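Only one structure is covered here, and it is reproduced in the block below.
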Amino acid sequence: MPIHKGRGGARKITFRFLVVLSTFLFVAATFIFCISLLVPSPREAISANAAYESYHYYQLPDHQKKIALSFDDGPDPEATKKIVDTLTAAGVPATFFLIGQHVLAYPDLARYIVDKGFTIGNHTFTHSLRVHDSPQRLAAELAATDRIIERATGVRTRYYRPPYLLTIGIDPAPNPWTSEEPANLWALQMGYVPVGIDIDSHDWDATTAEGIIQRFEQEINDSRHIALFHDVPHTAEALPEILSWLKAEGYQIVPLEELLVPTAGVPPLSEASLFVPVETAYLYFLSHANVGLGAIGVLLLGLLLLRIFVLMSLLARKNHEAPPPPLSRYPLISVLIPAYNEEENIESTVRSVLQSDYPRREIIVIDDGSTDSTAERVRALCKRYPKVVRLLEVQNGGKARALTIATEDARGELLVVLDADAVLESHALHAFARHFIDPRVGAVAGKVYTTGTSGLLGKFQALEYCVGQNIEKRAFSALGLVGVVPGPAGAWRTSAVREAGGFPTDTLVEDQDMTLTLLRRGWRINYEPTAIAYTETPATLSAFLAQRFRWVYGGIECFWKHAAVIAEQPRTVLAFLLMPHNFIFGIVLPVMYPLIDLVLIVSLFMGFWSEALIPILIFTIVDMLYVAWALNGEPRHLQRLVFVVPLLRIVYRQLLYYTVLRGLVRAIEGTGSAWNKVARLGETKRFFEERLAKEHLAISK
């Protein structure tokens, strides 16, 4: 049964209302959240004199043997919690200078720091070397980080640690004895106390915990009081021994506020507003979406690797099977060519079959109510080849109906269906027929090449055809489980098609629907790579999207129509392998791919360059190896297409995502779809005539 019930009814209106409402709410929340990050909350400026007093206070002799611990660049999912737990167990204070991007990703860790009683400082949003390019840039960096910290933890920050200790260096606070740094004064005017260090553990370039401990012990002395660490795993490992060493040496670990008393006051929280719950909820959504999308990415990569393993296993099995035996007799083959307004290519299509080396064949062209000169051109061929070529003229009713009518009229034991924009190689019919010696075989899928690879869209389609056939079809053929017998080149056992009631008309993809019907009836569906046809592919983006939407929507219809096989007993390979494969890799994963792209973009925005670039690199390498494997043995001009793979990921797959998403939306709405005929440019005719010219030239030489 078709999935597009209730066409244009309440289902469509309800779905679109929910989509529009959800989109509006998400866009509004995003706008509010982004604006709130850029608008600083009111703060009381700190005078340079107060900062200088803080510097003097820091230098008092009373502070000997006192030390404040500070940890930069958090929160980190591997190290922060371990560091906090170690400090909590030892009962010592510390200050964590957090990066806004990291808090955006891990707000729960920032909250954990505050809940354990530790102080949080501002380490800018991006941790860039350019945060001091202008007061506006610094204000935006500090305001965004402070707002995120406030929403995540419920506290506001007073201390500011410049990235890479820019403009502050080893001074604990702005130094009255050095020239005034503009960036330090900007921060003071914005209500933040710049905080430097005078003990550097160098844990950021250490490779072991022992190296951190050794460097720290070399750096410390009685006149140095602020120690710099980072939220990294080696520091978490070294921290227990560092705390024990400090205790043994008689050092007192104190809060940062105790060393910088004159400016230690923390500003109050910003005033409550209606936007606070929106900002808090959006932060929660972003953090959990990042984690969830990351998990989806891992799942996706795992499924792709599992798929490659299964396909390789099936291909290995296929290699051990004997090829079909040679023919001892030649069953009559009826070549069915449905045509609707195919005047550009129909003569070339018929002539390609006439040149076949197969001795027993008839050609039936079904003119499906064409309004151009298709019928006239076929009649001319019928006059020239009256014993081979026949024309059936029917009222326009679609390709499936035309094929069913021709099936009843066909005299052959086998049917070969050929699109009217395709040409067949001379050996193809012979290669098809060999498979039907096995009485279990109900249909055979041929191999389809595109008629050209000019233009980027043409290259993408040629690559897609080769990869899908050379791996997926070959692999599933080992089980007699090919999922689609393609329209441009496929052979069918006539009796099997007739027993099934002819080609189904209730989906947009009669070839896939008929294939699944025969599989459910227990027939084997094989793949024959030497039964080759060449087909014209869409040359424009609009034509391509129309064709792919029909394929995608028809695939969803087929899955819906045949999904019951999954629950049928006894369970078949079709139920537990092919149907789940089609659903996961044909519908689910194409929808998930954009989510993975989104999480990579969000990761870049949050500053996790390595976390984003490594998955991109892994996916690209896996793609290129997979494609290189598929193109092995193909002509050189096709093998070179492996270098198009990175661009295919960026451009072509986005188009496929769009068609899958559009198909799902139409299915959910129940609005259905009509057949979209792709405009022909006569590429098949050009290709066929060029091949003939080359063959004649070779013969003449």
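Residue 304 in my numbering sits at position 209 of the sequence shown; the count goes up by one each step and never skips.
Each residue gets a CB set at the ideal place from its N, CA and C atoms; glycine is no exception.
Model, not experiment: these values are computed from the prediction.
Where do the ends of the beta strand (DSSP E) carrying residue i lie?
i	result
lysine 542	536 to 545
proline 624	619 to 630
arginine 643	Taken as a continuous stretch (DSSP letters only), arginine 643 belongs to no beta strand (DSSP E), being part of the alpha helix (DSSP H) at 636 to 657.
Please report the residue range of the alpha helix (DSSP H) in which residue i lies.
i	result
histidine 325	Note, histidine 325: premise wrong, no alpha helix (DSSP H); beta strand (DSSP E) at 321 to 325.
lysine 211	That residue, lysine 211, is in no alpha helix (DSSP H); it is neither H nor E in DSSP.
serine 572	569 to 572
histidine 197	195 to 200
leucine 280	277 to 284
valine 445	441 to 449
histidine 530	523 to 530
alanine 247	230 to 248
glutamine 313	304 to 314
leucine 558	550 to 562
lysine 494	494 to 504
Assuming residue i and residue j make a contact with CB atoms under 8 Å, what is their CB distance in whole Å?
i	j	result
proline 258	isoleucine 208	Not really, about 19 Å apart at Cβ, beyond 8 Å.
leucine 513	threonine 625	Contact doesn't hold; Cβ gap of about 16 Å is too wide.
isoleucine 428	isoleucine 461	In fact, because the Cβ distance is near 16 Å, the residues do not count as touching under 8 Å.
valine 577	asparagine 621	6 Å
valine 543	threonine 630	6 Å
threonine 175	lysine 211	The Cβ separation is near 11 Å, so there is no contact.
leucine 486	alanine 505	Contact flag wrong, Cβ pair sits at about 14 Å.
leucine 204	threonine 219	Contact flag wrong, Cβ pair sits at about 18 Å.
lysine 160	glutamine 309	About 21 Å; that fails the 8 Å criterion.
valine 536	tryptophan 618	7 Å
alanine 234	proline 135	6 Å
Nearest by alpha-carbon distance to residue i: which of the options is it?
i	options	result
leucine 431	Leu396, Lys554, Pro583 and Pro534	Pro583
leucine 524	Leu260, Thr754 and Leu422	Leu422
valine 511	Cys653, Thr589, Leu399 and Phe110	Thr589
tryptophan 646	Val592, Pro581, Met674 and Ile679	Pro581
proline 419	Gly575, Gly650 and Asn217	Gly575
glutamate 503	Ala591, Ala146 and Gln607	Ala591
leucine 684	Arg138, Ala595 and Gln749	Gln749
asparagine 141	Gln154, Gly216, Leu283 and Arg251	It is isoleucine, not asparagine, that sits at residue 141 in the sequence shown. The shortest C-alpha separation from isoleucine 141 is found at Leu283.
alanine 634	Pro277, Gly777 and Ile709	Gly777
arginine 757	Gln642, Ala205 and Phe598	Gln642
alanine 304	Leu233, Leu280 and Ile337	Ile337
glutamate 797	Ile566, Thr546 and Met407	With the chain represented from 96 up to 796, any question about residue 797 goes unanswered, as that position is not in the structure.
proline 689	Ser637, Ala662 and Tyr753	Tyr753
proline 137	Glu439, Val198, Tyr150 and Gly286	Gly286
glycine 345	Ala145, Asp317 and Leu519	Asp317
leucine 613	Glu623, Ala586 and Glu488	Ala586
Looking at the structure shown, is residue i part of a helix, part of a strand, or coil, going by DSSP?
i	result
alanine 367	Interpretation of alanine 367 is limited by its pLDDT of 49, a score under 50 that renders its predicted location unreliable; the figure taken from the coordinates is listed afterwards. Alanine 367: coil per DSSP, three-state reduction.
isoleucine 459	strand
aspartate 295	strand
glutamate 764	helix
alanine 140	coil
histidine 99	In this predicted model, histidine 99 has a pLDDT of only 49, less than 50, meaning its place in the structure is not dependable enough to derive any value.
valine 405	helix
isoleucine 108	helix
phenylalanine 782	helix
valine 114	helix
leucine 776	coil
leucine 805	Because the chain here runs from 96 to 796, residue 805 falls outside it and cannot be looked at.
leucine 422	coil
alanine 184	helix
leucine 576	strand
serine 468	coil
glutamate 809	Lying outside 96 to 796, the shown extent of the chain, residue 809 is not represented and no answer is given.
tyrosine 752	helix
leucine 787	helix
isoleucine 263	coil
tryptophan 272	coil
With which residues is residue i paired in a DSSP beta bridge?
i	result
leucine 164	Ala322
leucine 510	Ser429 and Trp587
glutamine 347	Lys161
threonine 190	Ser165 and Thr214
proline 289	Tyr255
glutamate 488	Asp462
valine 518	Tyr629
alanine 434	Asp462
Would residue i count as contacting chain B if we go by Cβ distances under 7 Å?
i	result
glutamate 438	Chain labels in this structure do not include chain B; a single protein chain is all it has.
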